[in-house]
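A.B. asks:
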Amino acid sequence: MSRDVTGTPQTSPPVLAAYSYCEAVTGQQAGNFSYGIRLLPTAKRRAMSALYAFSRRIDDIGDGTLDPESKRLRLEDARTTLDRIRAGDIDEDDTDPVAVALAHAVRRFPIPIGGLDELIDGVQMDVRGETYETWDELAHYCRCVAGAIGRLSLGIFGTVPGARDAARAPEYADTLGLALQLTNILRDVREDAANGRTYLPSEDLAKFGCSAGFHSALPPAGADFTGLVHFEVRRARALFAEGMKLLPMLDRRSGACVAAMSGIYRRLLERIAEEPTAVLRGRVSLPGHEKALVAVRGLSGYDARSVHRQTARGRV
């Protein structure tokens, strides 16, 4: 491996091209996450883009129009690719740029790649059409499809030397993933219902009279839909408050990335809380300029300080 004048290993042109492909995918499709990823230094930004591109590939299989058996086979192909990466069988001449970039990232950072196996497990749950009776059951699914991504990302971010409670960093990263995923679930209740999916726990739906599902722009007759949304929002806020304990353990740029991504989702959550029925009329989102503002504040450390203040007051 060649090195530059500082002794840093140089990245070969084929690997750089693979990373460029992954960064293009991230820029085009990552939406909320791209605002945080842009704040990272080059090596970490490339690695996160590779991780996102592979994760997106898995998600797209689950969300695609193939029949369940075809989806299952494609997910197994993805798992085989992970096995090849673990075995060191992907080199820079491989024809799959996402695999090339991810393999390089795994060699450079201590990424717990088994988290991508968990993501595949979670998408397989979607393909099987599983539903969830309790929060504990839904939390298991969320850990597969989102908590695992938090733990994988932590392998790229790393923790600062001497960080207090650093051993709990994977736990906090996992919890933050749950908070983001629960926010996604609230945002997408109408879209998921149209696709035949229900994620919110059955016991919660029954408690608020929403077992009939969400197939129109109006709540089910006699349902306390606002009560249901506020109940889940409180759960998500508690998850954010716990997960954001990760921030002081990260370096400035990694912390800014996390603060930006989580800040966007927390704002989205509060927008849903302000007008719960809006999620039945369409996808609730933030304008680009607001996302950019959150990202800038994350880089300045504003959101990190804000999180600590709001956590102390129990408002996150």
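Just so you know, the sequence shown maps onto residues 1 to 316 in UniProt numbering.
For glycine and all other residues, C-beta sits at the position ideal for the given N, C-alpha and C.
Bear in mind that the values here come from a model prediction, so they are computed numbers and not experimental data.
#1: Can the beta-carbon of residue 115 be found less than 9 Å from the beta-carbon of residue 148?
#2: Going by C-alpha distance, which of 280, 258, 254 and 91 is nearest residue 42?
#3: Output yes or no for whether 9 Å exceeds the beta carbon distance between residue 269 and residue 241.
#4: Rounding to the nearest angstrom, what Cα-Cα distance links residue 151 and residue 157 in this structure?
#5: Using a threshold of 9 Å, state whether the C-beta atoms of residue 175 and residue 243 are closer than that.
#6: Run through DSSP, which three-state label would residue 246 get?
#7: Would you call residue 181 buried or exposed, if buried means 16 or more other Cβ atoms sit within 10 Å of its Cβ?
#8: Counting C-beta neighbours from all protein chains within 10 Å, is the total for residue 10 16 or more, i.e. buried, or is it exposed?
#9: What runs of the alpha helix (DSSP H), each 4 residues or longer, lie entirely inside the stretch 3-73?
#10: Tell me the rounded alpha-carbon separation between residue 80 and residue 62.
#11: Using only alpha-carbon positions, find the residue among 183, 44, 168 and 28 that is nearest to residue 239.
#12: Can you tell which of 59, 139 and 12 has its C-alpha closest to the C-alpha of residue 30?
#13: Roughly how many whole angstroms lie between the Cα atoms of residue 233 and residue 248?
#14: Are three or more beta carbon pairs between the stretch 129-146 and the stretch 33-53 nearer than 8 Å?
#15: What's the gap between the Cα of residue 107 and the Cα of residue 89?
#16: Among the candidates 229, 220 and 172, whose CA atom is the shortest distance from the CA of residue 185?
#17: Let me check understanding here. Comparing Cα to Cα, which of 213, 32 and 21 lies closest to residue 294?
#18: Give me the residue from 200, 19 and 246 with the minimum Cα distance to residue 163.
#19: Going by beta-carbon coordinates alone, are residue 56 and residue 25 separated by less than 9 Å?
#20: With a Cβ-Cβ cutoff of 9 Å, do residue 284 and residue 187 count as a contact?
#21: With distances taken between CB atoms, is the gap from residue 113 to residue 82 smaller than 9 Å?
#22: Report the rounded CA-to-CA distance for residue 224 versus residue 168, giving the unit in angstroms.
#23: Under 8 Å by Cβ, that's how I've got residue 286 and residue 267 pegged, so tell me the actual separation to the nearest angstrom.
#24: Return helix, strand or coil for residue 118, following the three-state DSSP convention.
#25: Within 9 Å of any Cβ in chain B, is that where the Cβ of residue 179 sits?
#26: To the nearest angstrom, report how far apart residue 126 and residue 201 are at their CA atoms.
#27: Going by beta carbon distance, what residues of the same chain come within less than 8 Å of residue 74, once the five residues before and after it are set aside?
#28: So which of 192, 258 and 217 has the shortest CA-CA distance to residue 276?
#29: Looking only at its own chain, which residues have a Cβ that is under 7 Å from the Cβ of residue 109, when we skip the five neighbours before and after it?
#30: Determine the burial state of residue 104: buried for a count of at least 16 other Cβ atoms within 10 Å of its Cβ, exposed for fewer.
C.D. replies: Quick look at the numbers:
#1: Residue 148 sits close to residue 115, with the two beta carbons spaced by under 9 Å.
#2: Out of 280, 258, 254 and 91, 254 has the C-alpha closest to the C-alpha of residue 42.
#3: When the beta-carbon positions are compared, residue 269 and residue 241 stay at least 9 Å from each other.
#4: Between the alpha carbons of residue 151 and residue 157 lies a distance of about 10 Å.
#5: Cβ atoms of residue 175 and residue 243: closer than 9 Å.
#6: Note: residue 246 maps to helix in three-state DSSP.
#7: Buried is the call here.
#8: Burial call: exposed.
#9: Correct list: 13-29, 32-37 and 42-63.
#10: Inter-residue distance for residue 80 and residue 62 is about 17 Å (C-alpha atoms, whole angstroms).
#11: By alpha-carbon distance to residue 239, the top candidate from 183, 44, 168 and 28 is 183.
#12: When only C-alpha atoms are compared, the closest one is 59.
#13: In a straight line, the C-alpha of residue 233 is about 25 Å away from that of residue 248.
#14: The stretch 33-53 and the stretch 129-146 do not touch, with fewer than three beta-carbon pairs separated by less than 8 Å.
#15: Near 12 Å, if we compare the C-alpha coordinates of residue 89 and residue 107.
#16: The shortest C-alpha separation from residue 185 is found at 229.
#17: Distance from the Cα of residue 294 is smallest, within the candidate group 213, 32 and 21, for 32.
#18: Among 200, 19 and 246, the Cα nearest to that of residue 163 is on 246.
#19: Taking 9 Å as the cut-off, the beta carbon of residue 56 is found closer than this to the beta carbon of residue 25.
#20: Residue 187 is positioned such that its CB atom lies closer than 9 Å to that of residue 284.
#21: Result yes, Cβ atoms of residue 113 and residue 82 sit closer than 9 Å.
#22: Roughly 37 Å separates the two Cα atoms.
#23: For a cut-off of 8 Å, the C-beta gap from residue 286 to residue 267 is around 6 Å, short enough to register as a contact.
#24: If DSSP states are grouped into helix, strand and coil, residue 118 belongs with the helices.
#25: Structure shown: chain B not included; a single protein chain is present.
#26: Taken atom to atom, the span from the alpha-carbon of residue 126 to that of residue 201 is near 15 Å.
#27: These residues qualify, in order along the chain: 61 and 66.
#28: Comparing Cα-Cα distances from residue 276 to each of 192, 258 and 217, the minimum goes to 217.
#29: In the same chain as residue 109, and ignoring 5 residues on each side of it, the C-beta atoms closer than 7 Å to its own belong to 47, 155 and 156, in chain order.
#30: Taking a 10 Å sphere around the C-beta of residue 104, we find 16 or more other C-beta atoms and assign the residue as buried.
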